[in-house]
Amino acid sequence: MQKYSIFALARNALSRHRHWRPAWRSPQPKREYDVVIVGGGGHGLATAYYLASVHGLTNVAVLEKGWLGGGNTGRNTTIVRSNYLWDEAAMLYEKSLQLWEGLSKELNYNVMFSQRGVMNLGHTLQEMRDIERRVNANRLNGIDAVVLQPDEIKRRVPIMNTAPDARYPVLGASFQPRGGVARHDAVAWGYARAADARGVDIIQQCEVTSIRRDNGAVTGVDTTRGFIKAAKVGVVAAGHSSVLAAMAGLRLPIESHPLQALVSEPLKPVLDTVVMSNAVHGYISQSDKGELVIGAGIDSYNGYGQRGGLDVVEGAVAAIVELFPVFSRVRQLRQWGGIVDTCPDACPIIGTTPVRGLFFNCGWGTGGFKATPGSGWVFAHTITHGAPHKLNAAFSLDRFVSGALIDEHGAAGVAH
């Protein structure tokens, strides 16, 4: 068996993957589908998968202008948690976390979900009051959460500087044991393979150039590969959502910003949980390969760049080194940026639009990756029934008219 494995490895290496079986098909687009999903990231692929697996809709196409997972799905820090403050957000993210816990088995694909826990630090008395409020709210909703004191934090993360005279004194933290991280590209590949196996067409290098309407209803999309007719179109394009909305004559209350992250050279295991700090504007975990994964806040300007400004990275690294002096001589390996679309209340838009048959799922800000399974699950329900599931009913576009906002700036992440 060992000799065969070595031989197979060498054979596949020399063949340059020419004889590898594709994980999903690359079909030509059909002229018409029941549903077209615009955006081949995690949310779009998850939506297509649940349309097929839960609702039995298989005449579905996912259109991606580049390659699968090449947008925000592959450009984030992979944190998964559900410890949000308000009931509406907490229950949506908790549904997602529950799906995460069985996702590898569901998809028959290892998404490398590691429940190592997520720690949110408090550096001021007001932050600790907010943490205690959020922990209590989480526990009332059946979501795991505890408040940690500085000595408990030090036992869990010995390398953290918890000295009273530190620049950012650590007064305590919230901790969600069920939170953690997952492998971003594996999530996209797992959903793509599972959706394809159920008949969904996944079409890469197919950019949507306009959204056609007739008598107030969507009729299909023009693409770089021709017109595709569809009675239902779901747009899940992250940072480019406002651009696509404009194609349908809609103006969304969102802004797009670059969001940066970086990884260090690999180290031996030294950090076995996720540490976040709103005050410091940074968050850190260690990957299975040993790299330190560090995230920063959003760049203050609007834009669609996938690199961002160096000053934001410098500020994030300086703050992380204050918390973890042991990392001061670790070298940076690479840096990147994603494009996040943020709503005024730091919560997403998931639902219908004034155009019949046109649905939008956007505005996730820095919370998109953790919501991938839950987002796809509720969006598939919304598209199928033409009305939201109770879990996403509060996240309608109408809330910006009614004023029923869900202010999650305190819990959404360090970028807000």
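One point on numbering: in the numbering used here, the residue at position 393 of the sequence shown is 379, and numbering is uninterrupted.
Glycine residues also receive a C-beta, built at the ideal position from the N, C-alpha and C atoms.
Computed from a predicted model, the values in this text were never measured in an experiment.
Residue i - DSSP class collapsed to helix/strand/coil
| i | result |
| --- | --- |
| H41 | coil |
| H402 | Because the pLDDT of H402 is 39, which lies under 50, any placement of that residue in the model is unreliable, and the number read from its coordinates should be weighed accordingly. Note: H402 maps to coil in three-state DSSP. |
| G195 | Note that residue 195 is Thr in the sequence shown here, rather than Gly. T195 falls in the strand class under three-state DSSP. |
| S68 | coil |
| T328 | strand |
| F99 | coil |
| M(-13) | The predicted position of M(-13) is uncertain, since its pLDDT is 43 and thus under 50; a value taken from the coordinates is nonetheless stated next. If DSSP states are grouped into helix, strand and coil, M(-13) belongs with coil. |
| Q112 | helix |
| Q84 | helix |
| G268 | strand |
| N201 | coil |
| D187 | strand |
| V173 | helix |
Residue burial classification, residue i (beta-carbon count within 10 angstroms, cutoff 16)
| i | result |
| --- | --- |
| P374 | buried |
| Q135 | exposed |
| G324 | buried |
| Y287 | exposed |
| N124 | buried |
| Y19 | buried |
| Y290 | exposed |
| Q112 | exposed |
| R320 | exposed |
| P40 | Note that residue 40 corresponds to Val in the displayed sequence, not to Pro. Exposed is the call here. |
| V252 | According to the sequence provided, residue 252 is Pro. The question's Val does not apply to it. With fewer than 16 other Cβ atoms within 10 Å, it is exposed. |
| G42 | exposed |
| F365 | buried |
Per DSSP, cross-strand counterpart(s) of residue i
| i | result |
| --- | --- |
| F313 | DSSP, once it has assigned bridges, lists no residue as partnering F313. |
| G212 | T209 |
| W10 | DSSP lists no partner for W10. |
| C348 | I335 |
| S286 | The partner list for S286 (beta bridge, DSSP) is empty, contrary to what the question assumes. |
| K218 | V21 |
| R293 | Partner(s): none; R293 has no beta bridge. |
| A247 | G281, W322 |
| N156 | Per the sequence shown, the amino acid found at residue 156 is Val instead of Asn. In the DSSP output, where bridge partners are listed per residue, V156 has none listed. |
Residue closest to residue i, alpha-carbon to alpha-carbon, out of the options
| i | options | result |
| --- | --- | --- |
| N45 | Y177, E138, D182 | D182 |
| T339 | S100, T148, S90, I369 | I369 |
| R142 | G158, A152, T358 | G158 |
| G281 | G26, D274, E300 | E300 |
| D327 | M262, G294, P244 | P244 |
Any non-hydrogen atom of the ligand FMN within 7 Å of residue i CB
| i | result |
| --- | --- |
| A159 | Although the ligand FMN was asked about, the structure shown includes no ligands whatsoever. |
(request) Evaluate contact between the stretch 221 to 230 and the stretch 83 to 90, counting only Cβ atoms and requiring at least three cross-stretch pairs below 8 Å. (result) No: fewer than three Cβ pairs fall under 8 Å.
(message) Any contact between the stretch 64 to 78 and the stretch 385 to 395? By contact I mean 3 or more CB pairs, one from each, below 8 Å.
(response) Output reads yes: the stretch 385 to 395 touches the stretch 64 to 78.
(request) Specify whether the stretch 171 to 189 and the stretch 338 to 353 touch according to this definition: at least 3 beta carbon pairs, one from each stretch, less than 8 Å apart. (result) No, the stretch 171 to 189 is not in contact with the stretch 338 to 353.
(request) Taking 8 Å as the threshold, find out whether the stretch 192 to 199 comes into contact with the stretch 228 to 236 through three or more Cβ pairs. (result) The answer is yes - the stretch 228 to 236 touches the stretch 192 to 199, with three or more Cβ pairs under 8 Å.
(message) With three or more C-beta pairs closer than 8 Å as the rule, is the stretch 48 to 63 touching the stretch 9 to 27?
(response) Below 8 Å, enough C-beta pairs join the stretch 9 to 27 and the stretch 48 to 63 to call them touching: three or more.
(request) Would you check if there are 3 or more beta carbon pairs closer than 8 Å linking the stretch 375 to 388 to the stretch 252 to 265? (result) Result no; under three Cβ-Cβ pairs closer than 8 Å.
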